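In what follows, a single structure is set out as structure tokens and then discussed.
There are 2 protein chains.
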Amino acid sequence: MSDDATAFVPGHITGFFSAHPDDDPAVAGSRGAGVTLSHGVTVTVEPAAEAVVSLDGETVEMEPVVNVLQALGVTGAVTAESELPLGAGFGVSGAMALGTALAANAVFSCGHSENELVTVAHQAEVEAGTGLGDVVAQARGGMPIRIDPGAPSHGRMDGIPARPHIEYVTFGGLSTADILGGDTTTLTAAGETALDALVEKPTVERFLSESRQFARDATLLTDRVEAAIEDVRDVGGDAAMAMLGETVFAVGTGLSDAGYDPKQCRVHPAGATLQSE
Amino acid sequence: MSDDATAFVPGHITGFFSAHPDDDPAVAGSRGAGVTLSHGVTVTVEPAAEAVVSLDGETVEMEPVVNVLQALGVTGAVTAESELPLGAGFGVSGAMALGTALAANAVFSCGHSENELVTVAHQAEVEAGTGLGDVVAQARGGMPIRIDPGAPSHGRMDGIPARPHIEYVTFGGLSTADILGGDTTTLTAAGETALDALVEKPTVERFLSESRQFARDATLLTDRVEAAIEDVRDVGGDAAMAMLGETVFAVGTGLSDAGYDPKQCRVHPAGATLQSE
């Protein structure tokens, strides 16, 4: 058992998805596509008498993280620092769950494989209702395409071979639990149509155009998001909405060119990883 | 079509493996485990009237690279710069094949997915007889465990969740084609035993101990490699032989501590990736 361990988990913006619930949380998940970000969450775990979770210096209730510690049978203090806001479509809760799994496995010498740790984090996130596909995407990195739903032993993944710069602005949050807990029939039909189109032509341009179409068809587009996407399109850029948040992301300098003051980052080339010893 | 594109592919040292030939080069491959390195190969592709391949400034014959260009239906000049020696167990030929696939897809707007490009490079390497498992490992990064042989649609992978520093020394090359072209029965039995043991406990220590046992059981250990591994063990370090080369790799500072003058790098956290635009 070492004193502590730290993992970095990239943020993940989903462009479109379909929801695939199942009684088995390793089988449940989403299909869809997104982009992992060089902005992410750094998670440190150290042994402690009781489970305590903090995010950016504040103690927080974070059910997926508590679920991960319980599944691994360990008790630790989890300290997370995030470059991304919580609840705005960046997969921060999934990142905290996955980072906790990787770091706790190292600290407590649990002896699990990477797939096992991804599975633990995916199940924890599904059971908490905070996400369906972020964890497996964040474990992979790049621009992940989730061909099948579920944890690694169930889901197949692919990726778009491109590493553009990414800009994003956030106007506010949307509740993943509320949307996933409601009727997802329309959303899922739109997500499956978008996935078929992307698999046919796995390019950045196709990903953005299908993401835009999905936001409209799934009736998730808000006025502020729609206006910002239009502003980017008006200056010749390409943008879409992050699922699920009032967040707009663009490739290259689309949002800057349209007069916004976005955060700037890159597609992250790697999945979640322990920091080098 | 852009002017050129560049990809970085990490080196890959296999610790142990079993050979699984098949008439279909996407199904053929190896099972086993290894470590990807932050030292690797940078591959640039640009359009050209005929296929030309260079490695560190010298024009070379490189069948896997030519196979990749043919499979993609493009003609280009491939320029590779390698931090690692060719033919000494670092997966340089696999890196050149995979880097060519990623970069050529970007230059010529071929529109393939990442899995498709990994498949093209894996098939090219298998058909050339220069490797069986490096390409899929290099596409994944980290410390890859190849659970099943073959390209992404056939092979399942997992990983050891650890990122130690790595040292290595090379005394010379071994011919992958000669060894894979001979009787691999003993080697494959030893590799499957090692894989079962690693899957049971996917840690760095188990990986190294099983790799050492494999080198002995597969009768691939040379005197110089055996002596260097013993030297590292004598100072309390952990080392094994790279398959297939007269190369010793150690975690941490094992080779330095034993008085060698090794190259030093890290486990690479990412798979092969295009350089950011």
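If you read the sequences in order, they're chains A and B.
Under full-length UniProt numbering, the first sequence has 118 at position 118, and the numbering climbs by one with no breaks.
Under full-length UniProt numbering, the second sequence has 19 at position 19, and the numbering climbs by one with no breaks.
We put the CB at the ideal spot given by N, CA and C, even for glycine.
Note that the coordinates shown come from a computational prediction; the quantities given were computed from them, not determined experimentally.
Evaluate residue i with the Cβ neighbour count: other Cβ atoms within 10 Å of its Cβ, from every protein chain shown; 16 or more gives buried, anything less gives exposed.
| i | result |
| --- | --- |
| Arg-224/B | exposed |
| Thr-185/A | exposed |
| Ser-30/B | buried |
| Gln-138/A | buried |
| Gln-123/B | buried |
| residue 279/B | With chain B covering only 1 through 277, there is no way to say anything about residue 279/B. |
| Ser-93/B | buried |
| Ser-109/A | exposed |
| Arg-216/B | exposed |
| Ala-250/A | buried |
| Gly-181/B | exposed |
Would you say residue i reaches chain B, if we count a Cβ-Cβ gap shorter than 7 Å as a contact?
| i | result |
| --- | --- |
| Ser-211/A | no |
| Leu-198/A | no |
| Pro-262/A | no |
| Leu-102/A | yes |
| Pro-144/A | no |
| Pro-149/A | no |
| Leu-117/A | yes |
| Gly-181/A | no |
| Gly-111/A | yes |
| Arg-163/A | yes |
Could you pull the DSSP bridge partners for residue i from this structure?
| i | result |
| --- | --- |
| Phe-8/A | Thr-42/A and Thr-273/A |
| Val-267/B | Leu-37/B |
| Val-231/A | Per the sequence shown, residue 231/A should be read as Asp rather than Val. DSSP, once it has assigned bridges, lists no residue as partnering Asp-231/A. |
| Val-248/B | Val-169/B and Met-241/B |
| Ala-19/B | Ser-30/B |
| Glu-58/B | Leu-55/B |
| Ile-13/A | Val-35/A |
Against chain A, with Cβ distances strictly below 7 Å, would residue i count as a contact?
| i | result |
| --- | --- |
| Leu-274/B | yes |
| Asp-3/B | no |
| Glu-114/B | yes |
| Gly-191/B | no |
| Gly-159/B | yes |
| Ala-26/B | no |
| Leu-244/B | no |
| Arg-216/B | no |
| Ala-270/B | yes |
| Asn-67/B | no |
| Pro-202/B | yes |
| Gly-57/B | no |
Between which two residues does the beta strand (DSSP E) holding residue i run?
| i | result |
| --- | --- |
| Gly-173/B | 165-173 |
| Met-220/B | It should be pointed out that residue 220/B corresponds to Leu in this sequence rather than to Met. Unbroken run through Leu-220/B: none, as it is neither H nor E. |
| Leu-55/A | 52-55 |
| Ile-145/A | 144-146 |
| Asp-158/B | 157-159 |
Taking the continuous alpha helix (DSSP H) assigned at residue i, which residues delimit it?
| i | result |
| --- | --- |
| Glu-133/B | One detail in the question is off: residue 133/B reads as Gly in this sequence, not Glu. Careful: Gly-133/B lies outside any alpha helix (DSSP H) and carries neither H nor E. |
| Gly-254/B | 254-257 |
| Ala-49/B | Careful: Ala-49/B lies outside any alpha helix (DSSP H) and carries neither H nor E. |
| Thr-176/A | 176-181 |
| Asp-196/A | 185-200 |
| task | Please list the segments of the beta strand (DSSP E) lying wholly inside the UniProt domain "GHMP kinase N-terminal" (70-142) of chain A, counting only runs of 3 or more residues, in order along the chain. | result | 76-82
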